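Peer 1:
In our numbering, the protein residues as written are 348 to 726.
Laid out in structure tokens, this is it:
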């Protein structure tokens, strides 16, 4: 059993970390204040192959494993978890088009997705259906030309910002088998957006409701087959859970690194505070927690890549463990900064705010426990 990263994987991590340090970290606070990420950033990331991380090489993507992808998101999140998480959403959409889209749909949308000349958002959650996603109400009725969509999607990262949306809508019966996936392009008649949501964290990601009021799209914008949308949506969630866990891991590691630097300089009672044994114990506990979380995350990613029968359970466990560990470490880092940790200048309070939502999205951590428990007790 080899726990070491390959030379290629180390290079992927280093490349992503270096890009983040140069192009994201210096601007993260300003982007948060602006409430948006400059669209010019995305083609720069795409030039590194990050626009289609696990899109097949045959279709022009990078063809990376899910383990490789966690390295990208961990590294980028050391500069800004909000930016890294938004990139994860786009990649989930690109992968769905690659895996399930017709040749015609791929030809229309994949090239621009890979260059990130066209940014994608994912629309599953609704005001009345979060964890119970299969109860969604948005409908897509057949027309002579295609589909007419009616409904509202909630908490959509990139709402009113992205260039296209993969929307889960009901084309048939109640329940998961009646749900289809459709691509709605920005500017489609009947597509509008709610007001900008004021959030605790992820402030650089514009988040709005996506409103579909008799929104007409062509038949060719159906992704895959009718009635398979929920299956497609769920197929991306294991990987999405790994990605969001990796974002927590990277940001928490950045918080710990900053805390070590701060404590080495901060003097109290005649010596730097990193020399007090009680505080050293807290540093050690955080290091142990992050290293444990990192190993567990990479094991879950390996299981997903190898098609292990318990991959979904391990992805759920990793998502719960790593996101909670990341938040706990970030909170401890804020505490060790004292009053300075509460100031925006030091960057720790932003990490605390950004990471909190990771325990809610991609399936709440309560749902992760439910997945684990159901598989444990299945006969």
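From the three backbone atoms N, C-alpha and C, an ideal C-beta is built for every residue, glycine too.
Computed from a prediction, not measured in an experiment: that's the story for all the values here.
Exposed or buried, residue 445, counting other C-beta atoms within 10 Å across all chains shown (16 or more means buried)?
Peer 2: It counts as buried.
Peer 1: Count the other C-beta atoms from every protein chain shown that fall within 10 angstroms of the C-beta of residue 422, then say buried if there are 16 or more, exposed otherwise.
Peer 2: buried
Peer 1: Need the endpoints of the alpha helix (DSSP H) that residue 670 sits in, please.
Peer 2: 658 to 683
Peer 1: Any contact between the segment 695 to 709 and the segment 564 to 575? By contact I mean 3 or more CB pairs, one from each, below 8 Å.
Peer 2: no
Peer 1: Check whether the Cβ atoms of residue 497 and residue 486 lie closer than 9 Å to each other.
Peer 2: yes
Peer 1: My parser needs the alpha helix (DSSP H) runs of 4 or more residues fully inside the segment 352 to 408; what are they?
Peer 2: 354 to 366, 375 to 381, 388 to 393
Peer 1: Which stretch, first to last residue, makes up the alpha helix (DSSP H) that contains residue 650?
Peer 2: 624 to 653
Peer 1: Can you tell me which of 625, 416, 468, 633 puts its alpha carbon nearest to the alpha carbon of residue 552?
Peer 2: 468
Peer 1: Identify the continuous alpha helix (DSSP H) that holds residue 610 and give its terminal residues.
Peer 2: 584 to 612
Peer 1: Below 8 Å, how does it come out for the segment 583 to 597 and the segment 533 to 550: are there three or more Cβ pairs, yes or no?
Peer 2: no
Peer 1: Determine the DSSP secondary structure at residue 465, reduced to helix, strand or coil.
Peer 2: coil
Peer 1: Mind the definition here: the segment 471 to 479 touches the segment 393 to 402 only if three or more C-beta pairs lie below 8 Å; say whether that holds.
Peer 2: no
Peer 1: Around the C-beta of residue 564, are 16 or more other C-beta atoms found within 10 angstroms, so that it is buried, or is it exposed?
Peer 2: buried
Peer 1: Specify, as a first and last residue, the run of the beta strand (DSSP E) that residue 487 falls within.
Peer 2: 486 to 489
Peer 1: Leaving out five residues on either side along the sequence, give the residues of the same chain with a beta carbon under 8 Å from the beta carbon of residue 381.
Peer 2: Non-local C-beta neighbours of residue 381 in its own chain, meaning closer than 8 Å and more than five positions away in sequence, comprise 551, ordered along the chain.
Peer 1: I need the DSSP call for residue 424, collapsed to helix, strand or coil.
Peer 2: helix
Peer 1: By Cβ distance, which residues of its chain are closer than 6 Å to residue 505, with the 5 residues on each side in sequence left out?
Peer 2: For residue 505, where only same-chain residues beyond five positions count, the Cβ hits under 6 Å are 468.
Peer 1: In angstroms, rounded to a whole number, what distance separates the CA positions of residue 629 and residue 679?
Peer 2: 8 Å
Peer 1: Tell me residue 540's beta-bridge partners as DSSP assigns them.
Peer 2: 557
Peer 1: Please classify residue 358: is it buried, with 16 or more other beta-carbons within 10 angstroms of its beta-carbon, or exposed?
Peer 2: exposed
Peer 1: Thinking C-beta only, is residue 599 closer than 9 Å to residue 674?
Peer 2: yes
Peer 1: Which stretch, first to last residue, makes up the beta strand (DSSP E) that contains residue 500?
Peer 2: Taken as a continuous stretch (DSSP letters only), the beta strand (DSSP E) holding residue 500 covers 493 to 504.
Peer 1: So what's residue 523 in DSSP terms, helix, strand or just coil?
Peer 2: helix
Peer 1: Quick one: what does DSSP say residue 436 is sitting in, helix, strand or coil?
Peer 2: helix
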